[in-house]
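To keep things clear, I will list the structure first and then write my remarks on it.
There are 2 protein chains.
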Amino acid sequence: MANPVLVEVTRGGMVESFHRGAFALVDGEGRLVAAAGDVDRTVFPRSAIKVFQAIPLIETGAAAAFRLTPAELALACASHSGEDGHVRLAAAMLAKAGLDESSLECGCHWPFDAPVARELARRGETPTALHNNCSGKHAGFLCTAVHRGEDTKVYVGRDHPVQVRARAAIEDLVGQALTIDACGIDGCSIPTFAAPLKGFAHGFAKLVTGEGISPQRAAAGRSLIDACMAHPWEMSGTGRFCETLMTAAPGRVFAKTGAEGVFCGALPDLGLGFALKIDDGATRASEALAAAVIARALRREDADLAATFDGLGRRTLHNWEKVEVGEIRATMPPA
Amino acid sequence: MANPVLVEVTRGGMVESFHRGAFALVDGEGRLVAAAGDVDRTVFPRSAIKVFQAIPLIETGAAAAFRLTPAELALACASHSGEDGHVRLAAAMLAKAGLDESSLECGCHWPFDAPVARELARRGETPTALHNNCSGKHAGFLCTAVHRGEDTKVYVGRDHPVQVRARAAIEDLVGQALTIDACGIDGCSIPTFAAPLKGFAHGFAKLVTGEGISPQRAAAGRSLIDACMAHPWEMSGTGRFCETLMTAAPGRVFAKTGAEGVFCGALPDLGLGFALKIDDGATRASEALAAAVIARALRREDADLAATFDGLGRRTLHNWEKVEVGEIRATMPPA
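Residue numbers (the numbering used here), protein chains in the order written: chain A, 5 to 339; chain B, 5 to 339.
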């Protein structure tokens with residue numbers, strides 16, 4: 005059966021396009037608090053679980069040994085915009101481990117954010133691996149490898165200790181083994197393992213409640229989530245939607261986008277985690293739905309804040325002459 | 005009922021995302037030669053019917069009076085990339101009518117093609133209305149208004165003679181009245197009227213067969229389609245998919261993309277027109293499906309050429325390190 009329509013795009017009062025998908029809002033015990041669509045479908049979480057992948061950076065003691073700051077921990081969980089400050093911070097993390105950008109294996113790309121890319125071009129520059137949106141995550145991987153005395157080459161390989169540790173943390177949080185037949189290669193060359201959508205939501209709920217995981221793991225996860233909530237710009241970039249969501253409720257909402265229409269997050273005060281996937285992979289839809297899911301989670305506790313997130317789930321569309329032409333809106337089904 | 009899945013995006017051998025939609029391949033009498041999904045659904049054709057909108061440029065005699073070249077006619081039907089040559093050609097069209105870019109009402113935007121935008125930024129320039137992907141269409145509108153002695157101000161308005169003529173041509177081709185309640189504003193500020201998907205396919209089939217329309221209209225349409233097939237770069241841009249499709253079968257395939265996952269086209273030799281819409285509006289999917297629909301149309305006549313278009317309906321995906329990670333592929337349902 006097809007997943008329900010969860011986001012609509014209108015023009016002139018008509019629905020021009022629409023997006024189907026699924027979401028799961030889950031508590032620490034794994035109970036569905038709210039959901040739509042097929043939450044058992046196996047999906048690639050992509051960058052939405054960078055927090056899971058950064059847990060070994062804390063657990064190995066690497067973050068403490070290299071005195072990584074909360075801003076640097078946020079960058080380790082980031083899909084950043086490649087702004088100058090992100091590039092400097094990634095270089096600083098590598099320098100703490102005695103490395104530089106030549107150790108990064110994430111590849112180079114022009115910043116996704118078009119104005120940032122054009123500014124780089126205007127200055128006559130070209131992007132380095134430090135501009136890659138994943139450079140902070142990779143700097144974190146390298147800090148861990150150096151701290152443990154492991155090879156810093158081919159750390160993106162599935163069998164490198166860095167990836168083995170990340171995989172073990174994800175398996176613990178998702179609550180099932182991650183198998184090779186559900187493994188793809190991510191944009192930055194590391195393995196990405198597919199698992200049921202609700203498993204990723206449960207993983208975030210475990211991290212903010214500590215249920216079903218070791219106190220050490222819960223503390224590691226919480227320190228990363230707190231770092232992201234305190235440094236949303238480092239974790240995303242100027243005007244990016246993760247920054248928008250987290251600055252709308254400082255310290256109360258964690259949210260992280262992933263490629264191909266994935267979004268994950270947590271509401272630490274409420275002990276809830278969520279995960280969503282838009283079937284067609286559209287970011288415009290995953291963003292609108294993420295705001296709506298957060299609004300749903302907050303509704304009973306804080307109606308005003310829920311209304312703020314309802315508002316973030318709708319965006320007016322303008323054309324090149326700044327004329328209003330329609331909107332993108334989450335269409336949350338009845339509870 | 006949900007439209008069928010027509011395009012899949014894979015990663016690591018799994019389907020990561022997928023796109024639903026509908027297509028209609030139609031002959032001059034309006035018979036469905038092949039179809040999938042709800043072809044009666046009302047959709048906005050957006051830029052995919054710029055040929056329809058340019059018909060008055062020929063029929064009023066403006067194109068002849070201003071001695072517009074085939075390359076300029078192609079630009080009048082274009083969503084171009086804003087490359088230097090496109091900008092010069094749009095300026096030349098306006099100059100023939102005694103105007104310049106200050107008359108354009110399409111608005112300014114950075115070229116959609118990222119390398120073109122970065123090159124503009126690298127030179128320290130910013131985009132003008134001539135860079136707008138619709139500047140050729142607007143130059144055509146203005147040529148027609150000047151030729152007819154009409155006001156060149158607010159020519160984007162729904163009641164301006166330029167738009168009234170365009171609307172009448174579309175109604176004739178689609179075979180039904182276009183109503184205000186199905187009218188939106190397009191990206192370049194002109195009205196866009198929604199109509200059933202199969203109507204747009206039929207319109208292109210009418211233009212290449214002459215069935216059901218006046219010989220003058222058929223000749224006007226054919227001259228525009230021939231101009232586009234002869235000048236695919238002017239009608240799109242370097243490496244753009246319309247260019248790719250038309251250069252793969254010179255003079256035998258016309259294809260035009262539109263925003264929000266629309267694609268239209270015609271196979272003049274076969275007397276067929278097609279229209280498709282991806283439900284979620286994704287261009288990556290409309291492109292793959294357009295190639296597959298053209299392949300379907302050609303299969304019986306030219307198996308080799310059909311295989312070429314089947315190939316264009318699949319695209320290998322690489323990550324930033326150029327590692328193959330998956331593919332985008334049209335999944336044409338059984339005939």
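Using N, Cα and C, we set each Cβ at its ideal position, and we do this for glycine too.
Residue burial classification, residue i (beta-carbon count within 10 angstroms, cutoff 16)
i: A82 of chain A; result: buried
i: K141 of chain B; result: buried
i: G330 of chain B; result: buried
i: P200 of chain A; result: buried
i: R169 of chain B; result: buried
i: P236 of chain B; result: buried
i: Q220 of chain B; result: exposed
i: S107 of chain B; result: buried
i: R92 of chain B; result: exposed
i: V158 of chain B; result: exposed
i: P254 of chain B; result: exposed
i: D185 of chain A; result: exposed
i: T148 of chain A; result: buried
i: K100 of chain B; result: buried
i: E20 of chain A; result: buried
i: K326 of chain A; result: exposed
Boundaries (first-last residue) of the alpha helix (DSSP H) holding residue i
i: R171 of chain A; result: P165 to V178
i: P219 of chain A; result: P219 to A234
i: P60 of chain B; result: K54 to E63
i: G330 of chain A; result: Counting along the chain, G330 of chain A falls outside any alpha helix (DSSP H), though it belongs to the beta strand (DSSP E) covering E328 to A334.
i: P115 of chain B; result: Run containing P115 of chain B: none; DSSP gives neither H nor E here.
i: P74 of chain B; result: P74 to A80
i: H90 of chain A; result: D88 to K100
i: A67 of chain B; result: A66 to A69
Residue i versus residue j: straight-line alpha-carbon distance, rounded
i: R122 of chain B; j: G214 of chain B; result: 44 Å
i: C187 of chain A; j: N7 of chain B; result: 29 Å
i: A40 of chain A; j: A295 of chain A; result: 15 Å
i: N136 of chain A; j: R226 of chain A; result: 26 Å
i: R171 of chain A; j: L182 of chain A; result: 7 Å
i: F267 of chain B; j: L103 of chain A; result: 49 Å
i: T251 of chain B; j: A234 of chain B; result: 9 Å
i: C110 of chain B; j: A311 of chain B; result: 39 Å
i: A205 of chain A; j: F278 of chain A; result: 4 Å
i: E305 of chain A; j: L271 of chain A; result: 12 Å
i: G275 of chain A; j: P131 of chain B; result: 48 Å
i: A66 of chain A; j: H23 of chain A; result: 42 Å
i: A69 of chain B; j: A75 of chain B; result: 16 Å
i: D284 of chain B; j: I62 of chain A; result: 40 Å
i: G16 of chain A; j: A80 of chain B; result: 25 Å
i: F56 of chain B; j: G243 of chain A; result: 39 Å
i: R319 of chain A; j: P165 of chain A; result: 43 Å
i: G269 of chain A; j: K260 of chain A; result: 6 Å
i: G25 of chain B; j: R35 of chain B; result: 20 Å
i: L316 of chain B; j: R162 of chain B; result: 38 Å
i: K54 of chain A; j: I332 of chain B; result: 25 Å
i: T156 of chain B; j: I59 of chain B; result: 18 Å
i: T46 of chain A; j: R256 of chain B; result: 43 Å
i: A198 of chain A; j: M5 of chain A; result: 21 Å
Beta strand (DSSP E) segment containing residue i, residue limits
i: R15 of chain B; result: V9 to R15
i: S139 of chain A; result: Looking at the DSSP string, S139 of chain A is not in any beta strand (DSSP E); the run it does join, the alpha helix (DSSP H), is S139 to H151.
i: A28 of chain B; result: M18 to D31
i: F4 of chain B; result: Since the displayed chain B opens at 5 and closes at 339, residue 4 of chain B lies outside it and no answer follows.
i: L36 of chain A; result: L36 to A40
i: G216 of chain B; result: Segment: none, G216 of chain B is in no beta strand (DSSP E) and carries neither H nor E.
i: G188 of chain A; result: C187 to I189
i: T196 of chain B; result: P195 to F197
Neighbour list for residue i in chain C, Cβ cutoff strictly below 8 Å
i: G265 of chain B; result: This model lacks chain C altogether, as its protein chains are A and B.
Self-check item: Positions along the segment 121-151 of chain A whose CB lies within less than 7 Å of some CB in chain B
Solution: Against chain B - using a Cβ distance shorter than 7 Å - the residues of the segment 121-151 of chain A are A121, R122, A125, R126, G128 and N136.
Self-check item: Members of the segment 180-191 of chain B that neighbour chain A once the beta carbon cut-off is set at 8 Å
Solution: The segment 180-191 of chain B vs chain A, Cβ under 8 Å: D185, A186, C187, G188, I189, D190 and G191.
Quiz prompt | Runs of beta strand (DSSP E) lying entirely within the segment 243-324 of chain A, each at least 3 residues, in chain order | solution = Within the segment 243-324 of chain A, the complete beta strand (DSSP E) runs of at least 3 residues are 258-262, 266-271, 276-282 and 318-322.
Quiz prompt | Near-chain B residues of the segment 14-34 of chain A - C-beta to any C-beta below 8 Å | solution = The segment 14-34 of chain A vs chain B, Cβ under 8 Å: R15, G16, G17, M18, E20, S21, F22, H23 and R24.
Practice problem: Can you give me, in chain order, the residues of the segment 107-118 of chain B that have a beta carbon less than 8 Å from any beta carbon in chain A? | Solution: Those residues of the segment 107-118 of chain B that come within reach of chain A (Cβ to Cβ, closer than 8 Å) are E109, C110, G111, C112, H113, W114 and A118.
Self-check item: Interface residues of the segment 43-73 of chain A facing chain B [CB-CB below 9 Å]
Solution: From the segment 43-73 of chain A, only T46, V47, F48 and R50 have a Cβ closer than 9 Å to chain B.
Practice problem: Could you list the residues in the segment 286-316 of chain A with a C-beta less than 8 Å from some C-beta on chain B, going in chain order? | Solution: With the criterion set as a beta carbon lying under 8 Å from some beta carbon of chain B, the members of the segment 286-316 of chain A are A286 and A289, in sequence order.
Practice problem: Taking a Cβ distance cut-off of 9 Å, strictly less, list which residues of the segment 210-232 of chain B are near chain A, in chain order. | Solution: Nothing from the segment 210-232 of chain B brings a Cβ to less than 9 Å from some Cβ of chain A.
Practice problem: With 8 Å as the C-beta to C-beta threshold (strictly closer), list the residues of the segment 76-102 of chain A near chain B in chain order. | Solution: Listed by position, the residues of the segment 76-102 of chain A near chain B (Cβ gap below 8 Å) amount to none.
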